[in-house]
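Since the structure comes first, as structure tokens, the remarks are kept for the end.
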Amino acid sequence: MKSYSKFMAASAMLACAGAVFAQSHPAAEVRNVVQLSATGTVEVQQDLLVLNLGTSKEGAEAAGVQNQLRQALDAALAEAKRNAQPGQLDVRTGPFGLYPRYGKDGKINGWQGRAELVLEGRDFSRITTTAAKIQSMAISQVSFGLSREARAKVEGEAQTQAIEQFKARAAELAKGFGFSGYSLREVAVNSNEMNPGPRPRMMAVEAKMGSMAADAPMPVEAGKAQVVVNVSGSVQMR
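Numbering (numbering that gives the first Met the number 0), first residue to last: 0 to 237.
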């Protein structure tokens with residue numbers, strides 16, 4: 000028992016000594032460190048088309064509305080899958096919802112619902128021609144983007160730009176403050192895709208389909224996007 004007490008007392012003394020040592024030797028103050036960032040931007044033609052097709056139904060019974068939506072979606076899927084090709088035309092279902100409709104008295108007096116189908120890919124002609132053949136749904140939205148391959152192709156170029164700008168700015172700052180050089184302390188790299196200028200609104204075209212030929216492909220034309228890579232971090236001037 001005495002040995003145990005002596006051991007505990009010795010441990011307490013060591014702990015106190017460690018605390019005193021830490022207080023007498025504070026962490027070295029960080030000096031001559033500069034935070035900075037740089038950006039690399041590459042403009043590239045958008046090569047991905049996304050068409051959203053949809054249909055809305057309403058009726059007195061929920062089961063009846065749901066059945067109508069399912070039939071419309073099944074017919075659209077059957078037509079779309081006939082022309083599907085990985086990467087060129089990919090097909091997937093979108094939102095499918097059923098909601099009560101209320102009268103002035105606050106009671107349910109019917110049901111309404113909506114089903115959507117999404118056609119996406121790099122073959123614009125195949126996508127628009129397929130959409131025109133789908134009779135059970137109309138185009139509700141048109142949007143463009145970059146495929147994974149197109150983005151990866153230019154992302155490296157934008158990253159190189161950002162890194163070179165970061166290094167040049169760090170060297171310039173070090174020289175401006177009277178130092179001969181710098182060393183890298185930490186760095187973060189982030190990338191994103193941007194549309195130049197005002198962001199285009201999705202095209203709401205479902206209401207206009209009645210004025211177009213049922214089997215006429217919708218004319219589409221992609222714009223350009225910017226792949227932006229940002230490099231940020233800190234350097235130690237020396």
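Glycine is no exception: its CB is placed at the ideal position from the N, C-alpha and C atoms.
Original post:
Is the beta carbon of V226 sitting closer than 7 Å to the one on V153?
Top reply: Looking up residue 226 in the sequence shown gives position 227. Looking up residue 153 in the sequence shown gives position 154. Yes, the pair counts as a contact, with Cβ atoms nearer than the cut-off.
Original post:
Does the Cβ-Cβ distance between A187 and G155 come in under 7 Å?
Top reply: Here residue 187 is taken as the residue at index 188 of the sequence shown, counted from 1. Here residue 155 is taken as the residue at index 156 of the sequence shown, counted from 1. Result no, Cβ atoms of A187 and G155 do not sit closer than 7 Å.
Subject >> Inter-stretch contact at 8 Å, needing at least 3 Cβ pairs: the region 82-91 / the region 99-108 >> reply: Taking 8 Å as the limit for Cβ pairs, the verdict is that the region 99-108 does not touch the region 82-91.
Original post:
If you count every other CB in all the chains shown that lies within 10 Å of the CB of Y98, and 16 or more means buried, which is it?
Top reply: Translated into positions along the sequence shown, residue 98 becomes position 99. By the 10 Å Cβ count, Y98 comes out exposed.
Original post:
What residues in its chain sit with their C-beta under 6 Å from that of K223, if we drop five residues either side in the sequence?
Top reply: Position 224 of the sequence shown, counted from the start, is the residue given in the question as residue 223. Excluding residues within five positions, the ones whose Cβ falls inside 6 Å are E42 and Q44.
Original post:
Does DSSP put I133 in a helix, in a strand, or in coil?
Top reply: Within the sequence shown, the letter at position 134 stands for residue 133. The answer is coil: DSSP assigns I133 none of H, G, I, E or B.
Original post:
Where does A114 land, buried or exposed, given buried means 16+ other C-beta within 10 angstroms?
Top reply: Position 115 of the sequence shown, counting from 1, holds the residue named residue 114. Classification for A114: buried.
Subject >> Whole-angstrom distance between R30 and A149, CA atom to CA atom >> reply: Looking up residue 149 in the sequence shown gives position 150. Looking up residue 30 in the sequence shown gives position 31. Cα-Cα distance, rounded: 43 Å.
Subject >> Own chain, CB closer than 6 Å to A59, minus 5 neighbours either side, in chain order >> reply: Counted from its first residue, the sequence shown places residue 59 at position 60. Once the five neighbours on either side are set aside, the close Cβ partners of A59 are G109.
Subject >> Secondary structure, alpha helix (DSSP H): runs of 4+ residues fully inside the region 78-152 >> reply: Listed in chain order, the complete alpha helix (DSSP H) runs (minimum 4 residues) inside the region 78-152 are 123-132.
Original post:
In three-state terms, what does DSSP make of G53?
Top reply: For the purposes of this step, residue 53 is taken as the residue at position 54 of the sequence shown. Residue state, collapsed to three classes: strand.
Original post:
Which residues in the same chain as G120 place their Cβ atom closer than 8 Å to its Cβ, once the five residues preceding and following it in sequence are excluded?
Top reply: On the sequence shown, residue 120 is found 121 positions in, with the first residue counted as 1. If we look at G120 and ignore the five residues flanking it on each side, its Cβ neighbours are L47, L48, Q84, G86, Q87, L88, D89 and I126.
**OP:** Sort A170, A62, S55 and G180 by Cα distance to L72 and report the nearest one.
**Re:** Mapped onto the sequence shown, residue 72 falls at position 73. Residue nearest to L72 within the set A170, A62, S55 and G180 is S55 (criterion: CA-CA distance).
Original post:
Smallest Cα separation from K132: which of L172, A77 and A157?
Top reply: Position 133 of the sequence shown, counted from the start, is the residue given in the question as residue 132. The residue with the shortest Cα to Cα distance from K132 is A77.
Original post:
If we ignore side chains and look at the alpha-carbon of each, how far apart do Q67 and R100 end up?
Top reply: On the sequence shown, position 68 is the one that residue 67 refers to. On the sequence shown, position 101 is the one that residue 100 refers to. Each residue's CA atom was taken as its position, placing Q67 and R100 some 17 Å apart.
Subject >> C-alpha gap between P94 and N51, whole angstroms >> reply: The sequence position of residue 94 within the sequence shown is 95, counting from 1. The sequence position of residue 51 within the sequence shown is 52, counting from 1. Spanning the two alpha carbons is a distance of roughly 10 Å.
Original post:
Which partner residues of N229 appear in the DSSP bridge assignment?
Top reply: To locate residue 229, count along the sequence shown from 1; it is residue 230. In the DSSP secondary-structure assignment, N229 is bridged to T38 and N189.
Original post:
Do you know offhand how far G144's Cα is from S190's?
Top reply: To locate residue 144, count along the sequence shown from 1; it is residue 145. To locate residue 190, count along the sequence shown from 1; it is residue 191. Pairing G144 with S190, the inter-Cα distance amounts to about 15 Å.
**OP:** State the DSSP-derived secondary structure class of G63, mapped to helix, strand or coil.
**Re:** Reading the sequence shown from its first residue, position 64 is the one you call residue 63. DSSP, read as helix, strand or coil, puts G63 in helix.
Subject >> Distance, M193 Cα to L172 Cα >> reply: Here residue 172 refers to the residue found at position 173 when the sequence shown is read from its first residue. Here residue 193 refers to the residue found at position 194 when the sequence shown is read from its first residue. Each residue's Cα considered, the two are about 29 Å apart.
Original post:
So, is T129 buried or exposed, given that buried needs 16 or more other C-beta atoms within 10 angstroms?
Top reply: As a first step, residue 129 must be located in the sequence shown, where it is residue number 130. T129 comes out buried.
**OP:** Counting only the same chain and skipping the five closest in sequence on each side, list residues whose C-beta sits under 6 Å from that of R147.
**Re:** Sequence index remark: in the sequence shown, residue 147 carries index 148 (1-based). Scanning its chain for C-beta atoms nearer than 6 Å, with the 5 sequence neighbours on each side dropped, one finds no residue around R147.
Original post:
Should T159 go down as buried or exposed, given a rule of 16 or more other Cβ atoms within 10 Å for buried?
Top reply: Here residue 159 refers to the residue found at position 160 when the sequence shown is read from its first residue. An exposed status is given to T159, since fewer than 16 other beta-carbon atoms sit within 10 Å of its beta-carbon.
**OP:** Compare the C-alpha of A61 against each of Q111, A74 and V32 and name the closest.
**Re:** What you label residue 61 is simply residue 62 of the sequence shown in a count that begins at 1. Of the listed residues, the one whose Cα sits closest to A61 is Q111.
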